[in-house]
Structure formats: C-alpha cells, structure tokens
Amino acid sequence: MTITPFAAGSYTTTLNTQRLLATKDKLDTLTTQLTTGRVAETYGGLGASRTTSLSAHAQVARLDGYAASITGALNRITLGSASLQNLSKVTSTTVSGIAEGLTNTSSSSARDTTRQTAVANLDLFVDTLNQNYAGTYLFGGRATDTPPVISADEILNGDGTKAGLNAMIAERKAADGITGTGNLSIPATGTAAVTVSEGASAIGRANFGFTLLGIDSSNKAAFSENLDAASAPRVALGFGTQPTDGDVVRLSVNQPDGSQAFVDYTARTGPALGANEFLIGTDSGSKLKLALGQSQMAAPASLAAQPVDGASVPVTIVQPDGTRTVVTYTARTVATGAANEFVIGQDAAGSFASLTMAVGERGIAAAQSKSPPGVTLALSGGTPASASLTVSAVTPPKDGDTITLTLGLRDGTPTTITLTARTVADSKDPSVFAIGASPEATALNIQKALSDTVKTSAGTTLAASSAVLASKDFFAGSKSDAFAPRRVDTATGGFSTNPARKTVIWYTGDESLADPRGTATVQVSSGQSIGIGAQANEAGIRNALAGIAALASESFASTKEPNDTTLSAADRTLALSERSRYTALTDRVRTVLTSKQDDQGIAQIATELSLAAAQITNAKAQNGATKAQLQNTLAGTDSISTEEVASKLLAMQNQLQASYQVTSMLSKLTLVNYLS
Numbered sequence: 014m015t016i017t018p019f020a021a022g023s024y025t026t027t028l029n030t031q032r033l034l035a036t037k038d039k040l041d042t043l044t045t046q047l048t049t050g051r052v053a054e055t056y057g058g059l060g061a062s063r064t065t066s067l068s069a070h071a072q073v074a075r076l077d078g079y080a081a082s083i084t085g086a087l088n089r090i091t092l093g094s095a096s097l098q099n100l101s102k103v104t105s106t107t108v109s110g111i112a113e114g115l116t117n118t119s120s121s122s123a124r125d126t127t128r129q130t131a132v133a134n135l136d137l138f139v140d141t142l143n144q145n146y147a148g149t150y151l152f153g154g155r156a157t158d159t160p161p162v163i164s165a166d167e168i169l170n171g172d173g174t175k176a177g178l179n180a181m182i183a184e185r186k187a188a189d190g191i192t193g194t195g196n197l198s199i200p201a202t203g204t205a206a207v208t209v210s211e212g213a214s215a216i217g218r219a220n221f222g223f224t225l226l227g228i229d230s231s232n233k234a235a236f237s238e239n240l241d242a243a244s245a246p247r248v249a250l251g252f253g254t255q256p257t258d259g260d261v262v263r264l265s266v267n268q269p270d271g272s273q274a275f276v277d278y279t280a281r282t283g284p285a286l287g288a289n290e291f292l293i294g295t296d297s298g299s300k301l302k303l304a305l306g307q308s309q310m311a312a313p314a315s316l317a318a319q320p321v322d323g324a325s326v327p328v329t330i331v332q333p334d335g336t337r338t339v340v341t342y343t344a345r346t347v348a349t350g351a352a353n354e355f356v357i358g359q360d361a362a363g364s365f366a367s368l369t370m371a372v373g374e375r376g377i378a379a380a381q382s383k384s385p386p387g388v389t390l391a392l393s394g395g396t397p398a399s400a401s402l403t404v405s406a407v408t409p410p411k412d413g414d415t416i417t418l419t420l421g422l423r424d425g426t427p428t429t430i431t432l433t434a435r436t437v438a439d440s441k442d443p444s445v446f447a448i449g450a451s452p453e454a455t456a457l458n459i460q461k462a463l464s465d466t467v468k469t470s471a472g473t474t475l476a477a478s479s480a481v482l483a484s485k486d487f488f489a490g491s492k493s494d495a496f497a498p499r500r501v502d503t504a505t506g507g508f509s510t511n512p513a514r515k516t517v518i519w520y521t522g523d524e525s526l527a528d529p530r531g532t533a534t535v536q537v538s539s540g541q542s543i544g545i546g547a548q549a550n551e552a553g554i555r556n557a558l559a560g561i562a563a564l565a566s567e568s569f570a571s572t573k574e575p576n577d578t579t580l581s582a583a584d585r586t587l588a589l590s591e592r593s594r595y596t597a598l599t600d601r602v603r604t605v606l607t608s609k610q611d612d613q614g615i616a617q618i619a620t621e622l623s624l625a626a627a628q629i630t631n632a633k634a635q636n637g638a639t640k641a642q643l644q645n646t647l648a649g650t651d652s653i654s655t656e657e658v659a660s661k662l663l664a665m666q667n668q669l670q671a672s673y674q675v676t677s678m679l680s681k682l683t684l685v686n687y688l689s
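Using my numbering, the first residue of the sequence shown is number 14, and each one after it goes up by one.
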C-alpha cells in the first residue's frame, strides 16, 4: 500500500483551510451581530426579509417626516387659535364697554374713553394679525414672508398719497348730507300742506341720504297724509372698451330693506356660463344686466286698493331681452320666506313699492371695475318718493297730537321722527310745533319743526350710519383694482366707477383661494392633509375691524354735559346732538361686532383651527401607533437576540478551536509518526 505524502497544496489541506476560513467568517459575523444587535449590515444580508425591512424603513421615514410637520403645524395652530381667541375676547370686551358707556352717555369723558379704547384695540388687532411663527406670518394666507396688515395709523389716516378711513368717512358723510336734511327737500310752501321729497338726482338718491318710508299722524281729522313711492330709474351699463375673458365687475345692488349688497361678476367669452358670469358680446352692459336678473314691471302700474293678506296679484314682467312673462305674487302682512310674495305696506302705494322690489327690480346703484374695460353706469328717469301732510281747515290740531315721519337709512334700518303739537312752542325742544291761528300758520310751524328735527337726525343717526357704512366699504376693499374700496364721485353724485389706487389697501396678504384654510396645509398621512391656513380679511375678522375702526375714527366736539343747567341754548343743543350721535354710533358698532357674517365670526374661525388641531393630534396618535407596529416588525427582521448570538458565538469558538487543534495535529503527521 502506498501512502500519499502530505503537501501544503494537497486537496485535503485546501478543503480544511476553506472550512476554517468559513468558520472564521461565521465567527466574525456573529461577533458583529453581538456588537450591533443587527442581523446584517446590508439589506442583502437579510435574505428574504429584505423586502419587508425596506418597506418598513420607508414607512417609518415617512412617519418621521409627518411627525416633524405635525409638530410645526400644532405650534402654528396653537399660536393662531390663541391669537383669534384673544381678538374674540377684545371684541366682546368692546361690546361690553359700549353697553356700559350707553348707561352713561351724558358723560363726555366716557365717550372719549370709549373712542380711545377703540384706538388701542385697533392697534391690538393689527399687531395680532401680523403675528408670525418661526418667520411665517399666520394670517396672510399663502403670502407668509411679510406682514399682511398695514399699521393702524395708515388704516385711519392713509399713507400721504392714498386716503385712509377717516377721509372715506368724511366724504361719505358729505354725500349723505349730514350737515343738512339728509338730501331731503322740506320747503316752506306757504300753504296748508307740508311736503317732503327725496333728492332729484337719480344716482344720488340710489346711494345716499335718507329715503322716505312713511308718514302718519295721531289725529286723522286734523291731518291728512299721503306718500308717493319712488319709481325706479332706468339703468344703463356699458364699458369703455370691450371686456376680456376674466375681467370682473362689482355691482352695488339696492336691497328691499334699503341696504346695499355687492355682487361680483366675471366676463366670459362663453359658451357655458357659471354663477355670477356674463357673456361678452356686442352689448356687454346689457348682458351684465341680464346676468344680474334685472327685470321691470310692465303691469300693473299701481295697486287700486290696499291688498289683504293672501291676495293674488298677477304681474307682467319684461326681462332685459324683451321677453314678457306673467307671474302671480301673493300679498302677506308678514313675509313667510316663500317665493313670489310681497309684504303689504302702510297703504296701496307702499304695497306697490314692496311689490316692485319683490319682482326683482333690484336697483343697480353703483358699478366699478378696473380700467380697461372701464365699466360705465348711468341712471335716468324714475321719480323720487314724496310725502305730504295737509292741515285741516275744518278740524284744527289738538294739544298733544303727533306726526310721525319714517325714514330709511342706507344700512337697512329705519328711523322715526315724531313731532308733537302744543298750544305754545317750546324753544328747547325742536320736535314741538305750535298750533297756529290758521292751517297755513300751523303748516309753517310743522315745516320748521320737521326741518330742524330731520337736520338733527341727519347729524346724529345718519352720520353714525355713514361712518359704519364707510368703514365696511373700506375693509371690503382688496388689492384687485376692480375691488378697491368704494369712493364717492362728487362729479356724478354717486360712487366712482374706477376707485383703484385712491385708497390704502389694509390687507396685503394672499387672497387667491376661496377657502382660507386651504392656503396652508399639513400632510399628516399618505392620504390626508389638513388645512391650517388663515387670512386677516376673513369675513368675521373684517367685520370686527370695521366696527372697531369706525368707533376709533370718530371724535365728539362737545365736552359739555347736557344736564348742566348753566349751558347756553347752543351749547346744550350741541351736547345733546353729540350724545345722540354717540348713542347711534355705538349702537350700530355693537350690531356689527355681534353679527356673525356668513357664520364666520372670529370665534368660529378659532374653532375651525382648534378642530384642525384636534384632527392633527388624532393623526399624530395614529401615526405613533403605526410606527410602533413597524418598529416591532423591524425588530423581527433587522434585530437579533444577543443571548442567542452569544450562545452561537461560544459554540462557534469551541468548534473553531477544535478545528485549529485537529489541523495542527494533522500538519505534524508523518509516516514515521503514523507507524509509531
């Protein structure tokens, strides 16, 4: 038998060496696993589990990204919501302060304190709305790098080039005729009749001053009254140049209650038109009227008698395109909200005026756009409302008889003026008229008393209404030229058709989206994003600003107390007038501050942000639970038990040591050793 001699390059030696090296690799792998606690240092080392590990790691990375976004979003919402809640509290405090001030309206210092508080609150509003978090302004929509609201001083006084709120209020008051009789004509006729009529200018009476709503007396035998309702003027809309697709026009439309509403229309080339769009054509102005739904009554021309509740009145309506339809309207003593009904007025003429408004002859009172296209508006024809009261030659008035004139304000509220007959005039009370020796003399006394009391109402109630309306117009303005704040056009007696760049724009932030929450979103999961945006020009905030700014802009001339017995007649009259103006102003401001326009009061906006925070918090908790599950999965694929590795490592060390010993013994084996 032949024994093959041992050699270093023999197959057996090579095989043993390979086994030793493989064992050494396993030992190194176990040592690394024991040190790191991981199965492998590469995904390839995970084998079939690598797909599960890769997917889980990707999901965990996304969840970590969501967590970072959620943290920033929650901090932002917390600050924004707290800011809004503070503004809501300031608004409520202002309302409470007004209520307390109204209990002490005779105090000029109380009036001044209310105004100064409003100035401070306006500053607070501006500072709060310019709040930022980590360099991001919270109330500018998508414009987050600059403050969205100009300073309170600029709001009130302008910037030196463009007008502020104070200038707008002053020109609105002048247009409303607050230093006179509110654009009403109350002439001395020299007869037994007293007449009151609205202004002759169609565009003026469509926008400014008092409107006549009714006249009545307590003694029908001594006085006879008559009210002729106004007839609507013809409206002509046009453009300086042909509009292009996307051009916008803002119309001011008179409402049945006497207030005005903005309706914004967009020019389209067609063919399909959406809501508040009008078709560009050879007569785009008429197309705009058609889009608004302007219609005119062809019949009846009047109501022969006062209708009763439930009476049906057939009305022939002429549409702007010339077509005629007959629609039946139902008379109601109280509106039910049903279609095609009208409210019964004080008399047949008043009922007819109500019917006219119900039909849809909503008067376009003003229009504005950028230039081009440069919208034009002309009002022509129509007749002003007029009222008359005739003193009887047969039955003279008695001491204590009253005459009541009801006037409408442009904010949709009525005001009444009551005159009282006395046998002797009262020089301290302008609402008292003396019963004269003849009907003509009594009528002259009524005319003077009526003129004086209307002037007083114009300087107080109408002036307060003017201030609040101008403030609302100011804060309704935006950066778009078509939506600039309305400005009085003294040349036409109406509102300017191109008011752009005449007034400071208080809000400089983003206004490109209809939903302010959508201006900033946070991704909380792969399929869910939550809106957390806010804008300073949202309806609730804008409404509060309008009320507070109107209060801050007004000052009161008299520092006298009306109950001071040492005052002269002129000083007492001024003190009483200023007290009445304060009462009228604060009453309207309180109404503005407590209204929830479009269900978007400041508290509601804060609530929406709080709900968004709750959604984000829930998503955060859900993401945390999902991440925990994924980490459990990774623990099963990426991690390894150190106890198990240590046990394997010890066994491998023993195995390797034994292999080394056997190899060493074999390397020393010779034929002589073997035979021995």
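Don't be surprised by glycine CBs; every beta carbon is placed ideally from N, CA and C. Model, not experiment: these values are computed from the prediction.
Whether residue i touches residue j by CB criterion (9 Å)
i      : j      : result
Asp189 : Ser566 : no
Asn563 : Ala483 : It is Ala, not Asn, that sits at residue 563 in the sequence shown. Closer than 9 Å, so yes.
Arg603 : Thr473 : no
Thr107 : Ile459 : no
Ala219 : Gly376 : yes
Thr295 : Asp322 : no
Gly171 : Ala180 : yes
Val404 : Val103 : no
Neighbourhood of residue i by C-beta, 8 Å cutoff - its chain only, sequence neighbours within 5 removed
i      : result
Pro409 : Ala235, Ile448, Pro452, Thr455
Thr341 : Ser325, Val326, Pro327, Val328, Asn353
Thr91  : Ala626
Thr630 : Leu87
Gln635 : Ser538
Ser101 : Gly614, Ile615, Ala616, Ala619
Thr254 : Pro385, Pro386, Gly387
Contact set for residue i: own chain, Cβ-Cβ below 6 Å, skip 5 residues either direction
i      : result
Arg7   : What is shown of the chain runs 14 to 689, which leaves residue 7 out entirely.
Thr279 : Val261, Glu290
Arg530 : Gly544, Gly546
Leu97  : Ile615, Ile618, Ala619
Gly395 : Ala215, Ser244, Ala245, Pro246
Asn239 : Ser401
Leu526 : Thr532
Glu167 : Val517
Close Cβ partners of residue i (< 7 Å) along its chain, the five nearest in sequence each way excluded
i      : result
Thr224 : Glu211, Gly271, Ala398, Leu420, Gly421
Gln541 : Ala632
Pro443 : Ala462, Asp465, Thr466, Thr469
Buried/exposed call for residue i, threshold 16 Cβ in 10 Å
i      : result
Leu264 : buried
Arg247 : exposed
Ala344 : buried
Ala165 : buried
Pro3   : Given that the chain is displayed from residue 14 to residue 689, the structure contains no residue 3 and the question cannot be resolved.
Asn88  : exposed
Gly110 : buried
Asn576 : exposed
Val605 : buried
Asp334 : Confidence in Asp334 is poor, its pLDDT being 48 and thus under 50, which makes the residue's placement unreliable; the coordinate value appears in the next sentence. Burial call: exposed.
Asp229 : buried
Gly287 : exposed
Ala274 : exposed
Ala378 : buried
Leu142 : buried
Ser660 : exposed
Asp424 : buried
Ala471 : buried
Asp277 : exposed
key: Minimum length 4: unbroken alpha helix (DSSP H) runs contained in the stretch 212-248   = The stretch 212-248 contains these whole alpha helix (DSSP H) runs: 215-220.
request  = Would you check if the stretch 585-601 and the stretch 467-481 touch, i.e. whether three or more CB-CB distances between them fall below 8 Å?
outcome  = With a cut-off of 8 Å, the stretch 585-601 and the stretch 467-481 count as touching, because enough Cβ pairs lie within range.
request  = Pick out the complete beta strand (DSSP E) segments inside the stretch 424-471, 3 residues or longer, and give them in chain order.
outcome  = As far as the stretch 424-471 is concerned, its whole beta strand (DSSP E) runs of at least 3 residues are 427-435, 445-447.
query = Unbroken alpha helix (DSSP H) runs of length 4 or more, entirely within the stretch 577-631: which are they?
reply = Taking only runs of at least 4 residues, the alpha helix (DSSP H) segments lying wholly in the stretch 577-631 are 582-607.
Beta strand (DSSP E) runs contained entirely in the stretch 157-218, provided each spans 3 or more residues = The qualifying runs are 206-210.
request  = Check whether the stretch 146-163 touches the stretch 523-537, taking contact to mean three or more Cβ pairs, one atom from each stretch, closer than 8 Å.
outcome  = With the cut-off at 8 Å, the stretch 146-163 and the stretch 523-537 touch.
ask   = What are the uninterrupted segments assigned as beta strand (DSSP E) that are 3 or more residues long and contained completely in the stretch 478-542, given in chain order?
value = Qualifying beta strand (DSSP E) stretches, in chain order: 534-538.
key: the stretch 193-201 in contact with the stretch 511-519 per 3-pair CB rule at 8 Å   = Segments in contact, no.
query = Does the pairing of the stretch 519-527 with the stretch 154-164 give three or more beta-carbon distances under 8 Å?
reply = For the pair of segments examined, the stretch 519-527 was found to touch the stretch 154-164: the number of CB pairs separated by less than 8 Å reaches three.
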